[in-house]
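Each residue of the sequence shown is one higher than the one before, starting from 11 at the first, in our numbering.
Working notes, structure below.
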Amino acid sequence: MESDRERDSGRDQKSPWFPTIREEIEGNYKAEKIPADNKQGYRMEYSYIGDYFAPNDDALKLKKAKIRIGILCVACVLLYFCAVLQKSYVSADRIVFGGSLLSAVLLLFEVSGVIQLLLRKNVLTSRALMDLSFQLKIMPLFHGGLLLLCAFSAAAAAVRGPGGAAAYLTAACYAFSGISSILIFLQYRKLGYMRIPTSPFE
Numbered sequence: 011m012e013s014d015r016e017r018d019s020g021r022d023q024k025s026p027w028f029p030t031i032r033e034e035i036e037g038n039y040k041a042e043k044i045p046a047d048n049k050q051g052y053r054m055e056y057s058y059i060g061d062y063f064a065p066n067d068d069a070l071k072l073k074k075a076k077i078r079i080g081i082l083c084v085a086c087v088l089l090y091f092c093a094v095l096q097k098s099y100v101s102a103d104r105i106v107f108g109g110s111l112l113s114a115v116l117l118l119f120e121v122s123g124v125i126q127l128l129l130r131k132n133v134l135t136s137r138a139l140m141d142l143s144f145q146l147k148i149m150p151l152f153h154g155g156l157l158l159l160c161a162f163s164a165a166a167a168a169v170r171g172p173g174g175a176a177a178y179l180t181a182a183c184y185a186f187s188g189i190s191s192i193l194i195f196l197q198y199r200k201l202g203y204m205r206i207p208t209s210p211f212e
């Protein structure tokens, strides 16, 4: 039978990959009781005490990097829809069809990350940086690989079938969309963020 100490040890063990909400609050936020007109007579207010992160590059380099990532994102989206909307028999291939559906989900994460990068302030909390890195490092890499798989399958189906411009155009659009996605990953990885121990807003 599991002892209380073992159960407590299991609860206190932190995730090696992504912290839980409880771990995030305990590690980066300080709770304060503020007097309030309610049943308890107070309300809890949490203030962020964790580290902040800012890009290593200067403002001009950062602006250029954001423009490049934005252009690549637009190219990725347009090429993806160009591939999907082609009326070609290769789109009925199981790998191409299934891959394009899954790709649409990954594309949403990727576009959301790019929008956040372009619109958010450059100084980020640890959680915000983790979320952004997930959307602009992990997602574009998987998305790009999946699109290249779709491109390869579409090209193989075109070779096996009667061919035609639409079939090869579909494969090419998937390929260049995938390359654009991988380039987003490479551009974001170049940015790099440095730790700021104290709040820049104080």
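Every residue gets a Cβ at the ideal spot worked out from N, C-alpha and C, and that includes glycine.
Backbone CA spacing between residue i and residue j [nearest angstrom]
| i | j | result |
| --- | --- | --- |
| L118 | G51 | 44 Å |
| E42 | G80 | 41 Å |
| A181 | A165 | 5 Å |
| N66 | M204 | 6 Å |
| R170 | Y90 | 23 Å |
| R199 | P150 | 11 Å |
| H153 | I77 | 20 Å |
| D61 | Q145 | 20 Å |
| L266 | V115 | Outside the shown range of the chain (11 to 212) lies residue 266, about which nothing can therefore be said. |
| L112 | K71 | 34 Å |
| Q96 | A167 | 14 Å |
| M54 | M140 | 26 Å |
| D68 | L88 | 30 Å |
| L252 | P172 | Because the chain here runs from 11 to 212, residue 252 falls outside it and cannot be looked at. |
Limits of the alpha helix (DSSP H) - the one that residue i falls within
| i | result |
| --- | --- |
| Y198 | A175 to L201 |
| A46 | Taken as a continuous stretch (DSSP letters only), A46 belongs to no alpha helix (DSSP H), as it is neither H nor E. |
| F63 | Premise fails: F63 lies in the beta strand (DSSP E), Y62 to P65, not in any alpha helix (DSSP H). |
| F144 | Here F144 belongs to no alpha helix (DSSP H), and DSSP marks it neither H nor E. |
| L89 | A69 to V94 |
Close-in-space but distant-in-sequence residues of the same chain around residue i (CB under 7 Å, 5 per side omitted)
| i | result |
| --- | --- |
| L158 | A185 and G188 |
| L92 | Note that residue 92 corresponds to Cys in the displayed sequence, not to Leu. Within the same chain, C92 has close Cβ partners C183. |
| K74 | none |
Cβ neighbours of residue i in the same chain (closer than 6 Å, five flanking residues each side left out)
| i | result |
| --- | --- |
| C86 | S187, S190 and S191 |
| I206 | Y62 and A64 |
| L193 | L82 |
Helix, strand or coil at residue i [DSSP, three-state]
| i | result |
| --- | --- |
| R170 | helix |
| S113 | helix |
| S101 | helix |
| D14 | With a pLDDT of 46 at D14, under the threshold of 50, the modelled position of this residue cannot be trusted, and the question is left open. |
| R130 | coil |
| R205 | strand |
| S163 | helix |
| E55 | strand |
Chain D contact for residue i (CB, 8 Å cutoff)
| i | result |
| --- | --- |
| I148 | Considering every chain present, this structure includes no chain D. It has just one protein chain. |
Proximal residues to residue i (C-beta, below 8 Å), its chain only, five neighbours per side dropped
| i | result |
| --- | --- |
| F195 | L146, K147, P150, L151 and G154 |
**Prompt:** Is the stretch 42 to 50 touching the stretch 158 to 177, taking contact as three or more C-beta pairs under 8 Å?
**Reply:** no
**Asked** Using 8 Å as the Cβ pair cut-off and three pairs as the minimum, do the stretch 120 to 136 and the stretch 94 to 106 touch?
**Response** no
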